[in-house]
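Engineer: Everything in the sequence shown is counted per numbering that gives the first Met the number 0, starting at 0 for the first residue and increasing by one. No residue lacks a Cβ here, since even glycine has one placed at the ideal position from N, Cα and C. Since the structure is predicted, the reported quantities are computational estimates derived from the model, not experimental observations. First the structure, then my questions, so here it is.
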Amino acid sequence: MTRILLVDDDPHLLRALTIALTAGGYQTSAASDAAGALQAAATAAPDLAVIDLGLPDLDGITIVESLRGWSTAPIIVLSARHDQTAKINALDAGADDYVTKPFGMGELLARIRAALRRAAPSEEQPVITTAAFTIDLAAKRVTTCGGETRLTPTEWHLLETLVRSPGHLVTQRQLLQEVWGPRYETETNYLRVHLANLRRKLEPDPSRPRYLITEPGIGYRFAPETPGP
């Protein structure tokens, strides 16, 4: 049974989440502060975590960063903070999705199902090789001529989404929905920033990308092989 860690200091919301997820066939563990959350995660590793940012002892981002140190389980952040900076910080810390309070229980359950589907191992986990880098999807590892290259969880998710459709255009909207969620369909600045970081880490000449190609105003594509001049 899929185990979900719930972290929120609102006892009424925590109870409602527990009831809804249990009814949906999930096993849950709950905590009302960061210390309890980290203890619960260490006792029984979750398959997914739902974490509130506003906790009494530590900011929820601390839990996200701690879990990301040893777990690849999806993390959905809950928060009453609506400013873009808070969302970017949570996603860059390793969260997979961001849900703003108040929210509908049906929407949250749908996001949980989507996150678990994305995390499920596919039947085929290929290795993609180019002249500049190698991507091992099974190991979630990227290597260049200089050795293994560290990517943030968001950078990895973005790269993986592109390389799973080699040569095909992936629209901005598709990428934003897949990596950040439906509420971020217009946040094209996210894509510009993270694609620039990926190119800096992977492209031989980031100013003239050969593999991570922009289709202006439309989207991006991964070009595994670029014709010579």
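Suppose you measure from the CA of T213 to the CA of W69; what does that come to, to the nearest Å?
Structural biologist: Whole-angstrom Cα-Cα distance: 33 angstroms.
Engineer: Rounded to whole angstroms, what's the CA-CA distance from L4 to E64? Just pull it up for me.
Structural biologist: Rounded to the nearest angstrom, the two C-alpha atoms are 15 angstroms apart.
Engineer: Terminal residues of the continuous alpha helix (DSSP H) containing S65?
Structural biologist: G59 to R67
Engineer: So D96 is in the beta strand (DSSP E); what residue range does that whole segment cover?
Structural biologist: D96 to T99
Engineer: Tell me, to the nearest whole angstrom, how far the beta carbon of V141 is from that of Y219; I am working on the premise that it is less than 8 angstroms.
Structural biologist: That pair is no contact at about 17 angstroms.
Engineer: Using only CA atoms, which one of A30, L136 and I60 lies nearest to D7?
Structural biologist: A30
Engineer: Tell me which residues share the same chain as P165 and place their Cβ nearer than 7 angstroms to its Cβ, disregarding the 5 neighbours each side in the sequence.
Structural biologist: F221 and P223
Engineer: With DSSP collapsed to three states, give me the class of G218.
Structural biologist: strand
Engineer: Whole angstroms is fine: what's the gap from L57's alpha carbon to A79's?
Structural biologist: 16 angstroms
Engineer: Which runs of the alpha helix (DSSP H) at least 4 residues long sit entirely within the segment 148–199? Give them in chain order.
Structural biologist: 152–162 and 171–178
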